[in-house]
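See structure below.
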Amino acid sequence: MDFEISTAVLHALDTAADEPLYSAAPMALNDDILGFLENQLSKAFSNDETKGCTLSEESDFAPLLWNIEDNFVSKSSTLAREWFAVLRENASVPCGDVVFAVASAGSAEWLCAIKLNYRAGYIHYFDREDDKTRNDIVRQTCVLGSKAEEGYFVNLTTREVRVLEKKYDIDGKKQTYISSRLLGCKTGMSPKEKLTAIQCVAEEVNQRFYGNTGVDETQLAAAVCEEYHARESADDDIPVREICTKLYGDMPHAREAFTNALAERDITLDEPLQLSAPAVRRLEKQSLRSGSGVEIKVPVSLYKDENAVQFIKNPDGTTSLLIKNVLI
53 MDFEISTAVL
63 HALDTAADEP
73 LYSAAPMALN
83 DDILGFLENQ
93 LSKAFSNDET
103 KGCTLSEESD
113 FAPLLWNIED
123 NFVSKSSTLA
133 REWFAVLREN
143 ASVPCGDVVF
153 AVASAGSAEW
163 LCAIKLNYRA
173 GYIHYFDRED
183 DKTRNDIVRQ
193 TCVLGSKAEE
203 GYFVNLTTRE
213 VRVLEKKYDI
223 DGKKQTYISS
233 RLLGCKTGMS
243 PKEKLTAIQC
253 VAEEVNQRFY
263 GNTGVDETQL
273 AAAVCEEYHA
283 RESADDDIPV
293 REICTKLYGD
303 MPHAREAFTN
313 ALAERDITLD
323 EPLQLSAPAV
333 RRLEKQSLRS
343 GSGVEIKVPV
353 SLYKDENAVQ
363 FIKNPDGTTS
373 LLIKNVLI
């Protein structure tokens, strides 16, 4: 999804200070910075770990959304203050600069917030001493990361929420904090989590009905890739139902077991599977490794082409791979 930013504010969340370094005015956006930020928004929004969420009725965040374009700088400072409080209480959460923006995507207006975490880096430093100039190398601890690792997006009309968050050591256990502490949201599954769940279910059904002769991970990857490339539009999602049909179309008992196992993970056949192009590219080539350490990558598009490769199931549960037409 492509974003066009209308206004943006940056607040620095560095716990070395007692308070955030607030901006009192919107950012001065030239074409270079605007392009950088809009690219960051698009990548974060489409990230396979970004998940859909639902604002709870008790959320303290929701009232701030009303007419947020009015007094945007002040309201973004309030949001930054809440974010900073979490950082002060939990040293494992990295410091960073947060960019709050109002941006349009298609016909919708979004409140966007992305956090660029600090990392250590080195720069040259020009100094003068006793009428002599000297260039040194100094360490900087507040170099901005090259991509946003955390953030959220709120559709200002529909109140749709999407969150990109990571787990940190908070209150003695690994957990996320943006959806629960900052937004007051109930989270769904990210595309990455949903695909992992579907893979686990396919493995369970395979073992239950077919032992080592049924659907395997590579066939699932092939089904997902085929459905992805069969879409009419780049914005279309992959229907879970179509994946199920490709895997178990002529196996009604396995299809039913697959559907029921998905339901136990709160996934229905009517749900979409939203995958980005990079995620599909990772699926398109599957790595296979032998017990002796030999590893090769095979395009999933060739799995059904017996003129290219052939998978032979062995009695001991292993699989032998026959590669044909090798040019040496």
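Basically the working numbering = 1-based index in the sequence shown + 52.
We treat Cβ as the ideally placed atom computed from N, Cα and C, and that holds for glycine.
All figures in this text were calculated on a predicted structure; none of them were measured in a lab.
Supposed contact pair Leu235 and Ser159 - C-beta distance, whole angstroms, cut 8 Å: The Cβ separation is near 24 Å, so there is no contact.
Reduced DSSP category for Gly104 - H, G, I as helix; E, B as strand; rest coil: Residue state, collapsed to three classes: strand.
Tyr174, DSSP secondary structure in three states: strand
Buried versus exposed call for Asp70 [16 or more other C-beta atoms within 10 Å across all chains shown]: exposed
Between the CA atoms of Arg307 and Thr265 - distance to the nearest angstrom: Per-residue confidence for Thr265 stands at a pLDDT of 49, beneath the threshold of 50, marking its modelled position as unreliable; no derived number is given.
Contact belief for Val61 with Val125 at Cβ below 8 Å, rounded distance in angstroms: 5 Å
Candidates Leu86, Asn366 and Val151: closest to Leu73 by CA position: Val151
Burial state of Gly369 (16 or more Cβ within 10 Å): exposed
Assigned secondary structure, Gly266 (DSSP; H/G/I helix, E/B strand, else coil): Because Gly266 carries a pLDDT of 49, less than 50, the predicted location of this residue cannot be relied on, and no value is offered for it.
Own chain residues within Cβ distance below 6 Å of Thr67, not counting five before or after: Leu139, Arg140 and Cys147
Neighbourhood of Asp289 by C-beta distance below 7 Å, restricted to the same chain and skipping five residues each side: Pro324, Leu325 and Gln326
Nearest-angstrom Cβ-Cβ length linking Pro213 and Thr106, presumed shorter than 8 Å: According to the sequence as given, residue 213 is Val; it is not Pro. Indeed, because the Cβ distance is near 7 Å, the residues count as touching under 8 Å.
Beta strand (DSSP E) segments (min. 3 residues) lying fully within the region 167-224: 184-196, 202-207, 213-216 and 220-222
Closest residue to Lys298 among Ala313, Leu321, Lys218 and Glu316 (Cα-Cα distance): The residue with the shortest Cα to Cα distance from Lys298 is Leu321.
Beta-carbon spacing of Ile57, Leu86 below 8 Å: Closer than 8 Å, so yes.
Per-residue DSSP class, three states only, for Thr371: strand
Counted within 10 angstroms of its Cβ, other Cβ atoms place Ile380 as buried (16 or more) or exposed: exposed
Test item: CB-CB of Leu374 and Leu340 under 8 Å: Not closer than 8 Å, so no.
Sub-8 Å separation of Glu217 and Thr228 beta-carbons: The answer is yes: Cβ separation under 8 Å.
Stretch-stretch touch, CB-based, cutoff 8 Å, three pairs: the region 165-176 with the region 184-200: yes
Span of the beta strand (DSSP E) around Ile348: Glu347 to Pro351
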